[in-house]
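Student: Next up is a structure, given as structure tokens.
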Amino acid sequence: MTLVDRFLKYVSFDTQSDESTGLTPSTPKQMVFAEYLKTELESLGLEDITLDEHGYLFATLPANIDKEVPTIGFIAHMDTSPDMTGKDVSPRIVKDYDGSDIVLCAEENIILSPAQFPELRDHKGEDLIVTNGKTLLGADDKAGIAEIVSAIAYLKEHPEIKHGKIRIGFNPDEEIGEGAHKFDVEKFGCEWAYTMDGGEVGELEFENFNAAAAKITFKGRNVHPGYAKNKMINSIRVANQFIAMLPSMETPEQTEGYEGFYHLIGIQGDVEQSTVSYIIRDHDRAKFEERKEEMKRLVALINAEYGEGTVALELRDQYYNMREKIEPVMHIIDTAFSAMEAVGVKPNVRPIRGGTDGAQLSFKGLPCPNIFAGGLNFHGRYEFIPIPNMEKAMNVIVKIAELVASK
Ligand SMILES: [Zn+2]
Numbered sequence: 030m031t032l033v034d035r036f037l038k039y040v041s042f043d044t045q046s047d048e049s050t051g052l053t054p055s056t057p058k059q060m061v062f063a064e065y066l067k068t069e070l071e072s073l074g075l076e077d078i079t080l081d082e083h084g085y086l087f088a089t090l091p092a093n094i095d096k097e098v099p100t101i102g103f104i105a106h107m108d109t110s111p112d113m114t115g116k117d118v119s120p121r122i123v124k125d126y127d128g129s130d131i132v133l134c135a136e137e138n139i140i141l142s143p144a145q146f147p148e149l150r151d152h153k154g155e156d157l158i159v160t161n162g163k164t165l166l167g168a169d170d171k172a173g174i175a176e177i178v179s180a181i182a183y184l185k186e187h188p189e190i191k192h193g194k195i196r197i198g199f200n201p202d203e204e205i206g207e208g209a210h211k212f213d214v215e216k217f218g219c220e221w222a223y224t225m226d227g228g229e230v231g232e233l234e235f236e237n238f239n240a241a242a243a244k245i246t247f248k249g250r251n252v253h254p255g256y257a258k259n260k261m262i263n264s265i266r267v268a269n270q271f272i273a274m275l276p277s278m279e280t281p282e283q284t285e286g287y288e289g290f291y292h293l294i295g296i297q298g299d300v301e302q303s304t305v306s307y308i309i310r311d312h313d314r315a316k317f318e319e320r321k322e323e324m325k326r327l328v329a330l331i332n333a334e335y336g337e338g339t340v341a342l343e344l345r346d347q348y349y350n351m352r353e354k355i356e357p358v359m360h361i362i363d364t365a366f367s368a369m370e371a372v373g374v375k376p377n378v379r380p381i382r383g384g385t386d387g388a389q390l391s392f393k394g395l396p397c398p399n400i401f402a403g404g405l406n407f408h409g410r411y412e413f414i415p416i417p418n419m420e421k422a423m424n425v426i427v428k429i430a431e432l433v434a435s436k
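Using our numbering, the letters of the sequence shown correspond one by one to residues 30 to 436.
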């Protein structure tokens, strides 16, 4: 089976995850896909194949070299985003893309156009896999799975390429932020690993946000509006005052790169009580802590004005920047870097403006940077993947295995 055949087969499984079920895997259909993959890994002759009750599938490609080589892993996630249906994905290959508009769905006039998605122009002359405009594609992250399985199959077929023990791990529920929670790092047994879950060719990521969630509750005092003078406290107005005190330029829509933000994600309120919800993000741990302190300071100011107990703040850390766990083992980035260059890919290191499973795994003791899987426009109907991107990702995996053994 070729890399592309594998990918097309994998996207035929609907594996959408669901935040609301509280289960792992969050949807039983992910287990159906896991069972299929397990069978495929068995037919490839891998060893130590385990699929646990939570849908975590691990397997081993044994070393073929007679020396001490660190065990490394490659990880991808099986679920697709809850943002868009992944049922009845009907992919199409656009051969030798000519740089013009691609009609995904004629009847609904859904067009994948370089006018909206200029990155398409980088892939002129290539074969692209696109959707029929009605679902997402699922390259996030079935491309990663197809690349890992194909790289392992390639290594099996090419015993002249010497490598240490390679572990592969496929997990459910990354898209709902739960992919790493039940990942048994000890059982996986690797010194380090790479998630194959990035976008465009060359992406190499080992920095992500530090993240916290804040919920602020404002208590008002409701009085008949005709007789409210000097008596009423309208919690909606107090909440609004608080919102206006935060820096107006430090929002997602005003920031990029390493700039952090406060993101207002929800407001609910009446005169008596209002709540506002924020997420706080910053790559820099010290600035991240300062942002949380700033929220506490503003809450104290409001309480000083309206009376203690008017505002209550709940802060909860969500995840941290993996950089602090990767820095002591920078050689794992150097290896990925060298592997990319060796197969003709220009590495593009950039900070993730979000979190990854790899960040959580890094804090669980498995340093785990993220490498491109090659897809673009994730989580929607405009998702596509150039076939050469997938081939390059597969080559990078093979090369990393080889480099780790040659050191
Ligand atoms: Zn992903």
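From the three backbone atoms N, C-alpha and C, an ideal C-beta is built for every residue, glycine too.
Quantities reported herein were computed from a predicted structural model and do not represent experimental measurements.
1. Starting from Ala-433, trace the alpha helix (DSSP H) both ways and give me its first and last residue.
2. Tell me Leu-80's beta-bridge partners as DSSP assigns them.
3. Short check: CB of Ile-205 to CB of Ser-55, under 7 angstroms?
4. With distances taken between CB atoms, is the gap from Val-305 to Ala-368 smaller than 7 angstroms?
5. Cβ of Asp-226 within 6 angstroms of any heavy atom in ligand 1?
6. Is Ile-195 helix, strand or coil by DSSP?
7. How about Met-113 and Gly-409: do their beta carbons lie closer than 7 angstroms?
8. Use the C-beta contact count for Glu-148: other C-beta atoms within 10 angstroms, 16 or more gives buried, fewer gives exposed.
9. Is Asp-170 a contact residue of ligand 1, with contact defined as CB to any heavy atom under 6 angstroms?
10. Measure the alpha-carbon distance for Val-98 versus Val-433 and round it to whole angstroms.
11. Please go through the same chain and pick out, in chain order, the residues whose beta-carbon is closer than 6 angstroms to the beta-carbon of Val-328, but skip the five residues on each side of it.
12. Could you round the C-beta distance between Gln-45 and Asp-117 to whole angstroms and report it? I think they count as a contact, below 8 angstroms.
13. Would you tell me roughly how many angstroms separate the C-alpha atoms of Val-378 and Glu-232, rounded to the nearest one?
14. For the alpha helix (DSSP H) that contains Leu-73, what are its first and last residues?
15. In the DSSP output, what is Gly-102 paired with across the bridge?
16. Would you kindly work out how many angstroms separate the C-alpha atoms of Lys-393 and Ala-333, rounded to a whole number?
17. Just list the residues that DSSP pairs Ala-4 with in beta bridges.
Tutor: Taking the coordinates as given:
1. As a first step, residue 433 must be located in the sequence shown, where it is residue number 404. A small correction: the amino acid at residue 433 is Val; Ala does not occupy that position in the sequence shown. That run of the alpha helix (DSSP H) goes 416-435.
2. Taking the sequence shown and counting its residues from 1, the one referred to as residue 80 is at position 51. Its beta-bridge partners are Leu-86.
3. In the sequence shown, residue 205 corresponds to position 176, counting from 1. In the sequence shown, residue 55 corresponds to position 26, counting from 1. A Cβ-Cβ contact shorter than 7 angstroms links Ile-205 with Ser-55.
4. Within the sequence shown, residue 305 is the residue found at index 276, counting from 1. Within the sequence shown, residue 368 is the residue found at index 339, counting from 1. No, the Cβ-Cβ distance between Val-305 and Ala-368 is not below 7 angstroms.
5. Your numbering for residue 226 matches position 197 in the sequence shown. For Asp-226, the shortest C-beta to heavy atom distance toward ligand 1 is below 6 angstroms.
6. Mapped onto the sequence shown, residue 195 falls at position 166. Note: Ile-195 maps to strand in three-state DSSP.
7. On the sequence shown, residue 113 is found 84 positions in, with the first residue counted as 1. On the sequence shown, residue 409 is found 380 positions in, with the first residue counted as 1. The answer is yes: Cβ separation under 7 angstroms.
8. The count along the sequence shown starts at 1 and reaches residue 148 at position 119. Classification for Glu-148: exposed.
9. Position 141 of the sequence shown, counted from the start, is the residue given in the question as residue 170. Under cutoff, so the answer is yes.
10. Here residue 98 refers to the residue found at position 69 of the sequence shown. Here residue 433 refers to the residue found at position 404 of the sequence shown. Between Val-98 and Val-433, the alpha-carbon positions lie close to 7 angstroms from each other.
11. One-based indexing of the sequence shown puts residue 328 at position 299. Answer for Val-328: Val-340, Leu-342, listed in chain order.
12. Within the sequence shown, the letter at position 16 stands for residue 45. Within the sequence shown, the letter at position 88 stands for residue 117. Taking 8 angstroms as the upper bound for CB-CB distance, Gln-45 and Asp-117 are not in contact here, some 12 angstroms apart.
13. By 1-based counting over the sequence shown, the position of residue 378 is 349. By 1-based counting over the sequence shown, the position of residue 232 is 203. If I take the Cα positions, the gap works out to 6 angstroms.
14. For this step, residue 73 is matched to residue 44 along the sequence shown. Boundaries cannot be given for Leu-73, as no alpha helix (DSSP H) includes it and DSSP labels it neither H nor E.
15. Here residue 102 refers to the residue found at position 73 of the sequence shown. In DSSP, Gly-102 forms a bridge with Arg-196, Ala-222.
16. Counting from one through the sequence shown, the residue named residue 393 turns up at place 364. Counting from one through the sequence shown, the residue named residue 333 turns up at place 304. One C-alpha to the other measures close to 41 angstroms.
17. Nothing about residue 4 can be reported from this structure: the residues present for the chain run from 30 to 436 only.
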